[in-house]
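Residues -19 to -1, 1 to 288 (mature numbering (1 follows the signal peptide of the UniProt record, and there is no 0)) are what the sequence shown spells out, left to right. In this text, a Cβ means the ideal position worked out from N, Cα and C, and glycines have one as well. Remember, it's a predicted structure, so these values are computed and weren't measured experimentally.
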Amino acid sequence: MSPLFMLTITFTVFCIVHCYPSEASSDITVEEEENQSFGQELDEPTVMFGDIAVETGLQNADPCTSRGCKWVKYSDGNVYVPYVISNQYSSRERSTIERGLQSFAASTCIRFTRRTRQRDFVNIQSRSGCYSFVGRRGNGQVVSLARRGCVYHQIVQHELLHALGFNHEQTRSDRDQHVRILYQNVIQGQQHNFRKIATNNLGTPYDYNSVMHYGRYAFSRNRQPTIVPIPNSNVAIGRATQMSRNDILRINRLYRCLIVIKRSLKNLDMEFFLDDVAAVCWDSINSISSLDDAWSYFNPLRSVLKL
Ligand SMILES: [Zn+2]
């Protein structure tokens, strides 16, 4: 292909600071007692909602009442989240974790980067179970990915989504229109995992395919379902193997990620919110390598975005 027609498209992702105020964060409430399977070591935090951690004594405090729950956006538009991975992991486990961390960069402005000397960071360790705090907590915050049972791509993404400020899909404020919770089948003492939260849903639809959605038999005491989709009870839930488009959309909306497409041939700069791109064809846009490719992906965007 002639160099003349070689496309130089630069995708630069940046975000606008202070766009979405912290409604999403401030609505996240954490309370209640322990998940019995976690929190047994002295230094383990209390685990709520299955795998959401809160520090003992802070159950009634809302960790996200201020803007501080979101991670900080830098002037280049990226949200850098420093991380440390414990040396407990094998190289294979470590690469699974790193692949999960890096997957956010492909479709959002979140950039997990190795910690150098940043104050706030995600401290990934193999403790008892898979859990995370919701949102940025300040200083090092543990994300537990137990070597046994938690080092899988979707679980890595799931726990990091908590750290970015997101709750479980089935606790959404509008969940009663989409799922029915069968409390009679829930293990005694675990009902709090199904408590509804006044979440800010960022204009995204309820998503059975979210990596944040629990499965049908979560916390079941009798092998009967605890979560049943409505109106169609046969819809699959909680089977995601990676972040859904809506998961990506929510990140991009919460953090106001933008995509800038610079097309050097006509010196044309176009800007889109990543969430629009994600909604249309984010999966494909990474693979653009020619002008034809670009326009075949671009045109649907133009109509959606009314350009
Ligand atoms: Zn979770």
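Following the continuous alpha helix (DSSP H) through S67, name the residue where it begins and the one where it ends. Boundaries cannot be given for S67, as no alpha helix (DSSP H) includes it and DSSP labels it neither H nor E.
Helix, strand or coil at R98 [DSSP, three-state]: In the structure shown, R98 falls within a coil segment according to DSSP collapsed to helix, strand and coil.
Return yes when the C-beta of D101 is under 6 Å from any heavy atom of ligand 1, and no when it is not. Result no, Cβ not under 6 Å from ligand 1.
Can you look up R108 in the DSSP assignment and give me helix, strand or coil? It is coil, neither helix nor strand.
Determine contact between the region 170 to 179 and the region 114 to 127, defined as no fewer than three beta-carbon pairs at a distance below 8 Å. With the rule of 3 Cβ pairs closer than 8 Å, the region 170 to 179 does not count as touching the region 114 to 127.
Identify, in the order they occur along the chain, each residue of the same chain with its Cβ nearer than 8 Å to the Cβ of D188, setting aside the five sequence neighbours on each side. So the qualifying residues of the chain are E150, H194, S225, N227, D228.
DSSP three-state label for V137, please. It is helical.
Report back the beta-carbon spacing between R80 and H134 to the nearest angstrom; my notes put them in contact at under 8 Å. That belief holds up - the Cβ atoms of R80 and H134 are roughly 7 Å apart, short of 8 Å.
Length of the line joining the Cα atoms of L183 and V53: Their backbone Cα atoms lie some 19 Å apart in a straight line.
Selected residue, minimal CA-CA separation from T94, among V60, S56, S125, V123: T94 has its Cα closest to that of V60, out of V60, S56, S125, V123.
Could you give the first and the last residue of the continuous alpha helix (DSSP H) run that contains I178? Where I178 is concerned, there is no enclosing alpha helix (DSSP H), given that its DSSP letter is neither H nor E.
When you compare only the Cα positions, how much space is there between C90 and C238? Cα atoms of C90 and C238: separation of roughly 5 Å, rounded to the nearest angstrom.
Helix, strand or coil for N203, going by three-state DSSP, please let me know. Three-state DSSP puts N203 in coil, outside helix and strand.
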